[in-house]
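Beneath this line is the structure, given in structure tokens, with notes to follow.
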Amino acid sequence: DWIMGDYIAEAVEKIRAQVGDEEVILGLSGGVDSSVAAALIHRAIGDQLTCVFVDHGLLRLNEGDMVMDMFAGKLHAKVIRVDASELFLGELAGVTDPEQKRKIIGRLFVDVFKAEAAKLKAGDGGHKGATFLAQGTIYPDVVESGGTKTKKATTIKSHHNVGGLPEQLGLKLLEPLRELFKDEVRALGVALGLPAEMVYRHPFPGPGLGVRILGEVKQQYADLLRRADAIFIEELRNTIDPATGKSWYDLTSQAFAVFLPVKSVGVMGDGRTYDYVVALRAVQTSDFMTADWAELPYAMLKRTSGRIINEVRGINRVTYDVSSKPPATIEWE
Ligand code: XMP
Numbered sequence: 203d204w205i206m207g208d209y210i211a212e213a214v215e216k217i218r219a220q221v222g223d224e225e226v227i228l229g230l231s232g233g234v235d236s237s238v239a240a241a242l243i244h245r246a247i248g249d250q251l252t253c254v255f256v257d258h259g260l261l262r263l264n265e266g267d268m269v270m271d272m273f274a275g276k277l278h279a280k281v282i283r284v285d286a287s288e289l290f291l292g293e294l295a296g297v298t299d300p301e302q303k304r305k306i307i308g309r310l311f312v313d314v315f316k317a318e319a320a321k322l323k324a325g326d327g328g329h330k331g332a333t334f335l336a337q338g339t340i341y342p343d344v345v346e347s348g349g350t351k352t353k354k355a356t357t358i359k360s361h362h363n364v365g366g367l368p369e370q371l372g373l374k375l376l377e378p379l380r381e382l383f384k385d386e387v388r389a390l391g392v393a394l395g396l397p398a399e400m401v402y403r404h405p406f407p408g409p410g411l412g413v414r415i416l417g418e419v420k421q422q423y424a425d426l427l428r429r430a431d432a433i434f435i436e437e438l439r440n441t442i443d444p445a446t447g448k449s450w451y452d453l454t455s456q457a458f459a460v461f462l463p464v465k466s467v468g469v470m471g472d473g474r475t476y477d478y479v480v481a482l483r484a485v486q487t488s489d490f491m492t493a494d495w496a497e498l499p500y501a502m503l504k505r506t507s508g509r510i511i512n513e514v515r516g517i518n519r520v521t522y523d524v525s526s527k528p529p530a531t532i533e534w535e
């Protein structure tokens, strides 16, 4: 609408005034905030923006390709995709502790991003380097880090949403979403032409499938989990609740599959199977501090479990998580 159009025009002017003819780097994660920030900054300064997309190999099925399709393909933005999956899986080998895994993933992520940013900062012959780092910081992040919200005495799970990077890199900060709430960021994303499917996606943790594979992370587990998770999400999107006309994807706040490195016995045709288990998790919440497990339709659960077991060889059992938060957390690690 015209109000959003005005907002975009104003935001674009502000970014142009701030950046001038300098260059900007932005870390693209596939999440809503960095995507909308990228689309807005690209609208303002085009090729003066370079996005760096670090693929840690723990993304959902086809996610990396979808990010590239959208930003490099459709928006024609400059995007550098760094395939770091071997590095991440190598460092994670043998590590089972959830916090340890988070720390490793967080540290590698920063290392890889910094190395790319340093190259872009240095520039090359006849091409001066970047001077700005753009981040998709939104208003609730600002409030949180300003200490206005009371901080919990103990951190239950360490998040690796990066602070202090611009200082470390010697770059100026560009944060065009600083004044916006999440729903405003989403509306802006849609107005900028991002698909609603991307803008209204469930949140996805920074460590990705790294905390959805219990214990040690292995390539094989990640591949099985990606396929099971994609089937679950597809069924959630395709199952419409007649009472509201909404899909179960839109009726839940977060939904995903979890890989359990446990084998159980099954039967398929004339044979016995001895394969892995996945748990399905779907919750409804307004703030992610407390959450109820979603009362998904049995028919949908039945279809999903049937499809996973038939289509993903290596998984022969599917369970549904009926734990609320608290005392359970949303993620299993
Ligand atoms: P829990 O599992 O603590 O999750 O109930 C609450 C919300 O936080 C997300 N989450 C994370 N996000 N890095 C992130 O960026 C993390 O390490 C992390 N751990 C949990 C979780 O997906 C849920 O939305």
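Convert by adding 202 to the 1-based position in the sequence shown; the result is the number in the UniProt record's numbering. The beta carbon of each residue, even a glycine, is placed where N, CA and C say it ideally should be.
query	result
DSSP state of residue 351 mapped onto helix, strand, coil	At residue 351, the pLDDT of 46 sits below 50, so the modelled position is not reliable; the number obtained from the coordinates is stated separately. Coil, per DSSP.
Distance cut-off 7 Å: residue 408 Cβ against heavy atoms of ligand 1	yes
Rounded C-alpha distance that separates residue 414 from residue 490	17 Å
Backbone secondary structure at residue 434 - three-state DSSP	helix
Close-in-space but distant-in-sequence residues of the same chain around residue 210 (CB under 8 Å, 5 per side omitted)	242, 245, 390, 393 and 394
Residues of its chain near residue 433, where Cβ-Cβ distance is below 7 Å and the 5 sequence neighbours each way are ignored	506, 509, 510 and 513
Ligand 1 heavy atom lying under 7 Å from the CB of residue 492	no
Burial state of residue 516, where buried means 16 or more other Cβ atoms lie within 10 Å	exposed
Whole-angstrom distance between residue 427 and residue 536, CA atom to CA atom	No statement about residue 536 is possible, as the shown extent of the chain runs from 203 to 535 and does not include it.
Cβ separation of residue 322 and residue 227, assumed to be a contact under 8 Å, to the nearest whole Å	5 Å
In chain order, each alpha helix (DSSP H) run of at least 4 residues that lies wholly inside the stretch 453-533	500-513
Residue 255 to residue 409 span [Cα, whole Å]	14 Å
Beta-carbon proximity list for residue 453, same chain, < 8 Å, skipping 5 on both sides	443, 446, 486 and 496
Between the CA atoms of residue 257 and residue 468 - distance to the nearest angstrom	35 Å
Closer than 7 Å: residue 463 CB and nearest ligand 1 heavy atom	no
Per-residue burial, residue 466 [other beta carbons within 10 Å of its own, 16 or more giving buried]	exposed
Closer than 7 Å: residue 194 CB and nearest ligand 1 heavy atom	The question about residue 194 has no answer here: the residues shown for the chain are numbered 203 through 535.
For residue 243, three-class secondary structure by DSSP	helix
Check: residue 225 C-beta below 7 Å from any heavy atom of ligand 1	no
Residue 315 - DSSP class collapsed to helix/strand/coil	helix
Own chain partners of residue 503 with C-beta closer than 7 Å, once the 5 adjacent residues on each side are dropped	522
Any chain B beta carbon closer than 8 Å to residue 495	The displayed structure is made up of one protein chain only, and chain B is not part of it.
For residue 230 and residue 236, the rounded distance between their alpha carbons	6 Å
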